[in-house]
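Chains as they are written, first to last, in the numbering used here: chain A, 18 to 238; chain B, -2 to 242.
Where is the CB? At the ideal position from N, CA and C, for every residue including glycine.
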């Protein structure tokens, strides 16, 4: 067999393409859920950490430290294989959503905290001195500016977590990678793996460029 | 007459550092008081206590006869702060808002004034600081002097009983100091009650009703400017004036 027939077998690729596309859709659904849940939870955790009552701050810090420290794969396997012993049985999809969202929320909280802390304290004092209530200060002075500062790093983290969706293949979720390995077994040919890699790159390379672009744009006044 | 601001027996410590020592000061309505003194003498700390941007451990402050609410009385404190305008050394404008929005925002959020009305007030006050033509610009498009005048208009929008100025010209290039001091002089002329921490002795001489000299956390002397600049009562004020004039 030639190199082309082994690794870039177009006939094999065409045959497994519907299978790969189904996997790609699952990967997109997983990424969309994680990016949404993780981002919303992350901002909430960040606000709890900075402005919450003492117990909320302690909880938020514990959450952030825990999920920044634990490897995603370890967490995923715990949820999928260990939780059933406690009577909680989750599908591969939901195990992956939970594991990845927990980790992504921790990273998001840290990125937004950095954004909030970069806002000069004087602006907040000026708003307080005008007698504006705290929630308006947070919503209209702090958050809009913090979001702007945090967006490049947040986008970078989003790309990273989107890549990590491929870990879901180990808990039998039929994502792009799992479908590709199944297709490889089915056709006894590694071309589906190459095709899957190309699909990942087609989506993620532009995303990486977007991060560069956002970083440059943020530096401009 | 009820004093605009009355401070009695104010004491403040930062940890072991005694920053304000038994400060007593009464400012009458319409009066302009300039606080001066060497750096680290507690001038800024004192002025920041008046709207509780700094907390203090002992003493009383009254604004228009009413006690200043404590740091935990959020709503009452916010209501009191609306009665006291403040201008900062570093302007502290909101960079994502236009000049008009900087001025109208607090009216809308703290007082619930409708947007159109808040905008009208903002434009009127921007006109008063001679910046009507710059109403739609963001702070980054304005010079330092213009930014500080927007900050003054922003504070005036709340129609405060007292204005606090915390070294309002110290961050400005020399050629922009005058435009800010002129606006402040106009305000004083119009009868605003003002407490100004400043190193601008020409302004103090021209505009102040009284000059308060502070050193090491204490008020050393309080005198009308003509007396303070020609014959200060204390040796420390004499030494200070000899250094800066």
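**Study point:** Boundaries (first-last residue) of the beta strand (DSSP E) holding residue 187 (chain A)
**Key:** Note, residue 187 (chain A): premise wrong, no beta strand (DSSP E); not H, not E.
Check your understanding: Exposed or buried, which one is residue 21 (chain A) when buried takes at least 16 other CB atoms within 10 Å?
Key -> Residue 21 (chain A) should be labelled exposed.
Exercise for review: Just tell me which of A:172, A:187, A:153, A:36 has its CA closest to the CA of residue 226 (chain A).
Suggested key: Of the candidates A:172, A:187, A:153, A:36, the one whose C-alpha sits nearest the C-alpha of residue 226 (chain A) is A:172.
Check your understanding: Of the residues B:150, B:99, B:103, which one's Cα is nearest the Cα of residue 137 (chain B)?
Key -> Ranked by Cα distance from residue 137 (chain B), the options B:150, B:99, B:103 are led by B:99.
Check your understanding: Does DSSP put residue 178 (chain A) in a helix, a strand or coil?
Key -> Per DSSP, reduced to three states, the secondary structure at residue 178 (chain A) is helical.
Check your understanding: Using a Cβ-Cβ distance under 9 Å, would residue 89 (chain B) count as near chain A?
Key -> Among the CB atoms of chain A, one or more fall inside 9 Å of the CB of residue 89 (chain B).
Check your understanding: Got a sec: is the Cβ-Cβ distance from residue 107 (chain A) to anything in chain B below 9 Å?
Key -> Interface criterion not met: the Cβ of residue 107 (chain A) is under 9 Å from no Cβ in chain B.
Practice item. Verify whether the separation of the beta carbon atoms of residue 168 (chain B) and residue 88 (chain B) is less than 9 Å. Key: A distance below 9 Å separates the beta carbons of residue 168 (chain B) and residue 88 (chain B).
**Study point:** Rounded Cβ spacing between residue 66 (chain A) and residue 77 (chain A) (contact assumed at less than 8 Å)
**Key:** The pair is a contact, with the Cβ atoms about 4 Å apart (cut-off 8 Å).
Practice item. Out of B:128, B:119, B:55, B:63, point me to the one whose CA is closest to residue 153 (chain B)'s CA. Key: Closest option to residue 153 (chain B), judged by alpha-carbon separation, among B:128, B:119, B:55, B:63: B:119.
**Study point:** For residue 75 (chain A), the first and last residue of its enclosing alpha helix (DSSP H)
**Key:** It spans 71 to 86 - the alpha helix (DSSP H) in which residue 75 (chain A) sits, taken as one unbroken run.
**Study point:** Coarse secondary structure for residue 198 (chain B), derived from DSSP in three states
**Key:** Note: residue 198 (chain B) maps to helix in three-state DSSP.
**Study point:** Per-residue burial, residue -2 (chain B) [other beta carbons within 10 Å of its own, 16 or more giving buried]
**Key:** Exposed is the call here.
**Study point:** Closest residue to residue 15 (chain B) among B:221, B:233, B:225, B:215 (Cα-Cα distance)
**Key:** Among B:221, B:233, B:225, B:215, the Cα nearest to that of residue 15 (chain B) is on B:215.
Exercise for review: Identify, in the order they occur along the chain, each residue of the same chain with its Cβ nearer than 8 Å to the Cβ of residue 158 (chain B), setting aside the five sequence neighbours on each side.
Suggested key: So the qualifying residues of the chain are 1, 26, 60, 61, 80, 81, 190.
Review point. Quick one, which residues of the region 41 to 65 of chain B are near chain A if we go by CB-CB under 8 Å, in chain order?
Key: Those residues of the region 41 to 65 of chain B that come within reach of chain A (Cβ to Cβ, closer than 8 Å) are 48, 50.
Exercise for review: Could you tell me which chain B residues have their CB closer than 9 Å to the CB of residue 150 (chain A), listed as they occur along the chain?
Suggested key: Within chain B, the residues near residue 150 (chain A) are 71, 72, 75, 106, 107.
Review point. Using the beta-carbon of each residue, which ones in chain A are nearer than 9 Å to residue 162 (chain B)?
Key: Listed along the chain, the chain A residues whose CB falls inside 9 Å of the CB of residue 162 (chain B) amount to none; the nearest CB is some 12 Å away.
**Study point:** One or two residues paired with residue 3 (chain B) in a DSSP bridge
**Key:** Partner(s): B:23, B:59.
Review point. Quick one, which of B:231, B:9, B:41 has its alpha-carbon nearest residue 53 (chain B)'s?
Key: It is B:9 whose Cα lies nearest to the Cα of residue 53 (chain B).
Point to revise | Coarse secondary structure for residue 65 (chain B), derived from DSSP in three states | key: Residue 65 (chain B): coil per DSSP, three-state reduction.
Point to revise | Sequence-distant residues of the same chain with beta carbon closer than 8 Å to residue 177 (chain B), five excluded per side | key: For residue 177 (chain B), where only same-chain residues beyond five positions count, the Cβ hits under 8 Å are 142, 145, 146, 149, 165, 166, 169.
Review point. Is the region 49 to 62 of chain A close to the region 123 to 138 of chain A, with three or more CB pairs under 8 Å?
Key: Touching, yes, given that three or more Cβ pairs across the two stretches are closer than 8 Å.
Point to revise | Cβ-based burial, residue 3 (chain B) [other Cβ within 10 Å; buried from 16] | key: Counting Cβ neighbours within 10 Å, residue 3 (chain B) comes out buried, since at least 16 surround it.
Check your understanding: Per DSSP, residue 93 (chain B) forms a beta bridge with which residues?
Key -> Bridge partners of residue 93 (chain B): none, in fact.
Exercise for review: Can you give me the Cβ contacts of residue 232 (chain A) inside the same chain, cut-off strictly under 7 Å, excluding the 5 residues immediately before and after it?
Suggested key: Apart from sequence neighbours up to five positions away, the residues of its chain that approach residue 232 (chain A) with a beta-carbon distance below 7 Å are 169, ordered along the chain.
Exercise for review: Take the Cβ of residue 97 (chain A) as the centre, count every other Cβ of all protein chains shown within 10 Å, and call the residue buried at 16 or more, exposed below.
Suggested key: Buried, because 16 or more other Cβ atoms sit within 10 Å of the Cβ of residue 97 (chain A).
Review point. In the DSSP assignment, what are the bridge partners of residue 208 (chain B)?
Key: Note: residue 208 (chain B) sits in a beta bridge opposite B:31, B:220.
Practice item. Tell me where the alpha helix (DSSP H) around residue 121 (chain A) begins and ends. Key: Looking at the DSSP string, the run of the alpha helix (DSSP H) that includes residue 121 (chain A) is 109 to 134.
Review point. By the 10 Å Cβ neighbour count, where 16 or more other Cβ atoms means buried, how is residue 247 (chain B) classified, buried or exposed?
Key: Examination of residue 247 (chain B) is not possible in this model, given that chain B is present from -2 through 242 alone.
Review point. Along the chain, where does the beta strand (DSSP E) that runs through residue 82 (chain B) open and close?
Key: 81 to 84 is the span of the beta strand (DSSP E), which, as asked, contains residue 82 (chain B).
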